[in-house]
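Following UniProt numbering, the numbering of the sequence shown begins with 1 at its first residue and continues without gaps. For glycine and all other residues, C-beta sits at the position ideal for the given N, C-alpha and C.
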Amino acid sequence: MIEMGNTTVLCAASVEEQVPRWMQGRGSGWVTAEYDMLPRATSSRRSRDRDSGRTASRSQEIQRLIGRSLRAATDLKALGERAVYLDCDVLQADGGTRTAAITGAFVALQLALESLVSAQKLDSIPLVCSIAAISVGLSNDNLLLDLDYSEDSTADADFNIVMTDAGSVVEFQGTAEGNPFPRQRVGEVLSLAARGLEPLFAAQRAALG
Numbered sequence: 001m002i003e004m005g006n007t008t009v010l011c012a013a014s015v016e017e018q019v020p021r022w023m024q025g026r027g028s029g030w031v032t033a034e035y036d037m038l039p040r041a042t043s044s045r046r047s048r049d050r051d052s053g054r055t056a057s058r059s060q061e062i063q064r065l066i067g068r069s070l071r072a073a074t075d076l077k078a079l080g081e082r083a084v085y086l087d088c089d090v091l092q093a094d095g096g097t098r099t100a101a102i103t104g105a106f107v108a109l110q111l112a113l114e115s116l117v118s119a120q121k122l123d124s125i126p127l128v129c130s131i132a133a134i135s136v137g138l139s140n141d142n143l144l145l146d147l148d149y150s151e152d153s154t155a156d157a158d159f160n161i162v163m164t165d166a167g168s169v170v171e172f173q174g175t176a177e178g179n180p181f182p183r184q185r186v187g188e189v190l191s192l193a194a195r196g197l198e199p200l201f202a203a204q205r206a207a208l209g
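Structure, rendered in structure tokens:
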């Protein structure tokens, strides 16, 4: 479970000794994610995605982001023909749920892979790096780190950044909510995100012992 401010996300990893049918026979593994919010994770009740019989477009976008980010950190060939499923359930939401989910899901993924090594199903942990994510916002020409809901809802632009522990960018999402922002702001956003991710990588290492 990861807590960032008033945002809380439960991340659980499950390993299956087979890959989806479309990947069978390739000698490679798969890492994917599912994301959802509990009905009262927010200030007013929201329906569960499954109530409508489909995954909401926002949840689908976020779980694809989580899956892409985790696959970037994983040596899928070394994983072998097995799949790891990450379930990310938001217990309480106050902004930054997708970035918290990525940061927490990486810890759950590594713990799952460590269990495969302990069970002698893998010789080593098939991870090529650590990843974590954080949000940055532009408000009244000021940059804000790790926005809560009130900051995010009034920001002039918001960004979600996924990076490795070596400082490489895995994913960069940025949107101007009104007026376009200057191009040089992108470099400033990345620099602030990199500084903000340092304590998150430290927290991951502490959680993993």
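Excluding sequence positions up to five away, which residues of its chain have a Cβ less than 7 Å from the Cβ of V162? Indexing the sequence shown from 1 puts residue 162 at position 162. Setting aside the 5 residues that flank it on each side, V162 is surrounded in the same chain by S69, I102, I131, A133, V170 and E171, each with a C-beta closer than 7 Å to its C-beta; the list follows chain order.
Kindly identify the DSSP beta-bridge partner or partners of V90. Numbered from its first residue, the sequence shown carries residue 90 at position 90. DSSP, once it has assigned bridges, lists V9 and M37 as partnering V90.
Ends of the beta strand (DSSP E) at A133? Counted from its first residue, the sequence shown places residue 133 at position 133. Here the beta strand (DSSP E) through A133 covers I131 to S139.
In this structure, does DSSP put A102 in helix, strand or coil? The residue you call residue 102 lines up with position 102 of the sequence shown. For the sequence presented, residue 102 should be read as Ile rather than Ala. In this structure, I102 counts as helix in the three-state DSSP scheme.
Buried or exposed (CB count within 10 angstroms, at least 16 for buried), S19: Looking up residue 19 in the sequence shown gives position 19. Reading off the sequence shown, one finds Val at residue 19, where the question assumed Ser. Buried: at least 16 other Cβ atoms inside 10 Å.
DSSP three-state label for A72, please. Working through the sequence shown from its first residue, we reach residue 72 at position 72. In this structure, A72 counts as helix in the three-state DSSP scheme.
If distances are taken between C-alpha atoms only, which option among N6, V128, D152 and C129 comes closest to S139? As a first step, residue 139 is located in the sequence shown; it is residue number 139 there, counting from the start. The option with the nearest alpha carbon to S139 is D152.
DSSP puts L143 in a beta bridge; with which residues? Translated into the one-based positions of the sequence shown, residue 143 becomes position 143. Per DSSP, L138.
Sort out for me which residues DSSP pairs T175 with in a bridge. Taking the sequence shown and counting its residues from 1, the one referred to as residue 175 is at position 175. Per DSSP, D158.
If you draw a straight line from the C-alpha of L79 to the C-alpha of A33, how long is it? Indexing the sequence shown from 1 puts residue 79 at position 79. Indexing the sequence shown from 1 puts residue 33 at position 33. Computed Cα separation, rounded: 16 Å.
Decide yes or no for the touch test of the region 85 to 93 against the region 1 to 20: beta carbon pairs closer than 8 Å, at least 3 of them. yes
Leaving out five residues before and five after Q100 in sequence, what residues of the same chain have Cβ atoms less than 7 Å from its Cβ? Reading the sequence shown from its first residue, position 100 is the one you call residue 100. The residue you asked about is not Gln; residue 100 is Ala in the sequence shown. Result list for A100: I2, M4, T7 and V9, in chain order.
Using DSSP with H/G/I as helix, E/B as strand and the rest coil, what is V170? Your numbering for residue 170 matches position 170 in the sequence shown. It is a strand residue.
Using only alpha-carbon positions, find the residue among G95, S57, A56 and G27 that is nearest to S150. Counted from its first residue, the sequence shown places residue 150 at position 150. Here the closest residue by C-alpha is G95.
Using the beta-carbon count (16 or more within 10 Å), is A93 buried or exposed? One-based indexing of the sequence shown puts residue 93 at position 93. Label assigned to A93: buried.
Using a 10 Å radius around the Cβ and a threshold of 16 neighbouring Cβ atoms, would you call P180 buried or exposed? By 1-based counting over the sequence shown, the position of residue 180 is 180. By the neighbour-count rule (16 or more Cβ atoms within 10 Å), P180 is not buried but exposed.
Could you give the residue range of the beta strand (DSSP E) that holds E3? As a position in the sequence shown, residue 3 is number 3, starting the count at 1. From DSSP, the beta strand (DSSP E) with E3 extends over I2 to M4.
Three-state class that DSSP yields for E114 in the structure shown: Counting from 1 along the sequence shown, the entry for residue 114 is found at position 114. DSSP places E114 in helix when its eight states are reduced to three.
According to DSSP, which residues form a beta bridge with A206? Taking the sequence shown and counting its residues from 1, one reaches residue 206 at position 206. The partner list for A206 (beta bridge, DSSP) is empty, contrary to what the question assumes.
Answer with buried or exposed for residue 210, where buried requires no fewer than 16 other C-beta atoms within 10 angstroms of its C-beta. Since the displayed the chain opens at 1 and closes at 209, residue 210 lies outside it and no answer follows.
Check the C-beta distance from T74 over to V31 and give it rounded, since I have them as a contact under 8 Å. Numbered from its first residue, the sequence shown carries residue 74 at position 74. Numbered from its first residue, the sequence shown carries residue 31 at position 31. With a Cβ gap of about 5 Å, T74 and V31 count as contacting.
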